[in-house]
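For the sequence shown, this note's numbering begins at 35 and goes up steadily by one. Idealized CB from N, CA, C, for every residue including glycine. Computed from a prediction, not measured in an experiment: that's the story for all the values here. Single-structure report; data block below.
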Amino acid sequence: APPLKRMATFRRASVALAVSLSLADAFAPGVGPSPMLRRARATAAAPVRMAGGLALPDGGAAPFGTQADLQDTVNRAAEGDSFKKKVTLLGSTGSIGTQTLDIIDYLPDRFEVEGLAAGNNVKLLNEQIRKYNPKIVSVGTPKALDELREALSGWGGKMPELVCGEQGLIEVAKYGDSDVVVTGIVGCAGLLPTVAAIEAGKDIALANKETLISGGPVILPLLKKYGVKMTPADSEHSAIFQSLQGVLPGG
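Structural data, given as structure tokens:
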């Protein structure tokens, strides 16, 4: 394959892996406890250790896989095989959004769509609504909202609540019983919806790095205040995040 095509394929695979890690449940469907859960059970009574045998305290440079996090994994898994995560997706028609939906398609017994937000790609959003039956949907502009209403006219399914604009994004982000909000929108437009989702107690799968670049001093205290998890859902910052596993606080 031409080099550019190979690079594009690798990029898509990397993003899919990052999203998968962010959405990962404690059980693998149909095959019993996943390696994550088996590891959690095996280490429940012992401190997590990094290379060289040094115990990793909670609150490390990338606090994932710590004692507190592993215990939370066990607690969530204890809810049973029927546990299904509800996913809200901001940027559903973009690269992150479509790959997140691919994962939901692959694991339909583990995930369901609660809400969708997109820009102005009404054609693809219309198809997503008909397939995933979200409860709330946002588009970028009033014009796109009118086009979406027209596209959905005559559809026999249950109509979602339709909103638009910046406020519409915020409404989708904080809506309902969603367990995790995937932020796949571009630029600083992701900041306020992310804040709204955190304040509503929803975990964040972050593909919008500008949110932390522009609002890190606001976002990080909110995560702690509301007991919310944030994991990276794009390839580059997921790679950095994974590289930080085992690094001590301040490392």
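- Task: Please classify residue 224: does DSSP put it in a helix, a strand, or coil?
- Result: helix
- Message: Spatial neighbours of residue 215 within its chain, please: C-beta separation below 6 Å, excluding the five flanking residues on both sides.
- Response: 122, 207, 231, 236 and 238
- Item | Buried versus exposed call for residue 189 [16 or more other C-beta atoms within 10 Å across all chains shown] | exposed
- Message: Tell me which residues share the same chain as residue 156 and place their Cβ nearer than 8 Å to its Cβ, disregarding the 5 neighbours each side in the sequence.
- Response: 173, 178, 181, 182 and 185
- Using a Cβ-Cβ cut-off of 6 Å (strictly less than) and excluding sequence neighbours within five positions of residue 202, which residues of its own chain qualify? 172
- Contact with chain C by residue 162, beta-carbon distance below 8 Å: No chain C is part of this structure, which consists of one protein chain only.
- Message: Assuming contact is defined by CB atoms lying nearer than 8 Å, are residue 146 and residue 118 in contact in what I supplied?
- Response: yes
- Which residues DSSP lists as bridging residue 146, in chain order: 120
- Task: With DSSP as the reference, label residue 262 as helix, strand or coil.
- Result: coil
- Can you tell me whether DSSP reads residue 170 as helix, strand or coil? strand
- Query: What three-state label does DSSP hand residue 234 in the structure shown?
  - Reply: coil
- Item | Exposure label - residue 192; buried when at least 16 CB within 10 Å | exposed
- Is the segment 254 to 262 close to the segment 157 to 167, with three or more CB pairs under 8 Å? no
- Rounded separation between residue 261 and residue 176 - CA only: 35 Å
- Query: Mind checking whether residue 158 and residue 219 have CB atoms under 8 Å apart?
  - Reply: no
- Query: At what residues does the beta strand (DSSP E) containing residue 196 begin and finish?
  - Reply: 195 to 198
- Query: Candidates 277, 211, 168 and 136: which alpha carbon is nearest residue 197's?
  - Reply: 168
- Collapsed DSSP secondary structure at residue 269 in the structure displayed: helix
- State the DSSP-derived secondary structure class of residue 152, mapped to helix, strand or coil. coil
- Message: Measuring straight from C-alpha to C-alpha, what distance separates residue 233 and residue 226?
- Response: 11 Å
- Assuming residue 245 contacts residue 265 under a Cβ cut-off of 8 Å, what Cβ separation, rounded to an integer in Å, is found between them? Not a contact, Cβ separation roughly 13 Å.
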